[in-house]
Amino acid sequence: MSVIALGPYKFAPRDQVKNFHGNILVNFCWDRHVLVTAPFAVALPPTMTLREAIMARIAPSIAFHPDARKIDWNTVQWEKDHKPWQPDLDKSLAENKVGHKDYLVFITPELKGLNNTGL
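Going by my numbering, the first residue of the sequence shown is number 181, and it counts up by one from there.
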């Protein structure tokens, strides 16, 4: 996500991909579940499949939410950088064209947050 500086930048941004030891930062947001701080950034290797990223990093990060265990990841709807997106969960992030600092939203229409309140 870009930032508009109020003045001239006299130094290199520290969140450049070269500073993450081969990983990329990927921002995830769970739609209609604001109890989960959104978006949250995760450093992931671009060779990791999206399914591996979900199981190893995303699912544990949201496990405290009562709706988390009800997610069917095979039916989740996705947006990438605010546009509808249909990833292949079994392909790598790179193969799914996920890049450094991309913004991914996962949408679970059947789950509407804590007590259907959007939390």
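Just so it is clear, CB atoms sit at the ideal spot from N, CA and C, and this is done for glycine as well.
{"Query": "Could you tell me whether any non-hydrogen atom of the ligand GTP is closer than 7 Å to the CB of F200?", "Result": "Looking at this structure, you won't find the ligand GTP or any other ligand, since it has none at all."}
{"Query": "In whole angstroms, give me the CA-to-CA distance for N296 and P193.", "Result": "40 Å"}
{"Query": "Take the Cβ of D247 as the centre, count every other Cβ of all protein chains shown within 10 Å, and call the residue buried at 16 or more, exposed below.", "Result": "buried"}
{"Query": "Decide if N199 is buried, meaning its Cβ has at least 16 other Cβ atoms within 10 Å, or exposed.", "Result": "exposed"}
{"Query": "In whole angstroms, what separates the C-alpha of K263 from that of W210?", "Result": "15 Å"}
{"Query": "Please classify G187 as buried or exposed, where buried requires at least 16 other C-beta atoms within 10 Å of its C-beta.", "Result": "exposed"}
{"Query": "Using 8 Å for Cβ pairs, my map puts V216 next to I242. What's the rounded Cβ distance?", "Result": "5 Å"}
{"Query": "Taking 7 Å as the limit between beta carbons, can you name the residues of its chain near P267, skipping five residues before and five after?", "Result": "L230, W258, N276"}
{"Query": "Taking the beta strand (DSSP E) that P264 belongs to, which residues open and close that run?", "Result": "263–265"}
{"Query": "Cα-Cα, which of K250, A274, L273, A185 is closest to I287?", "Result": "K250"}
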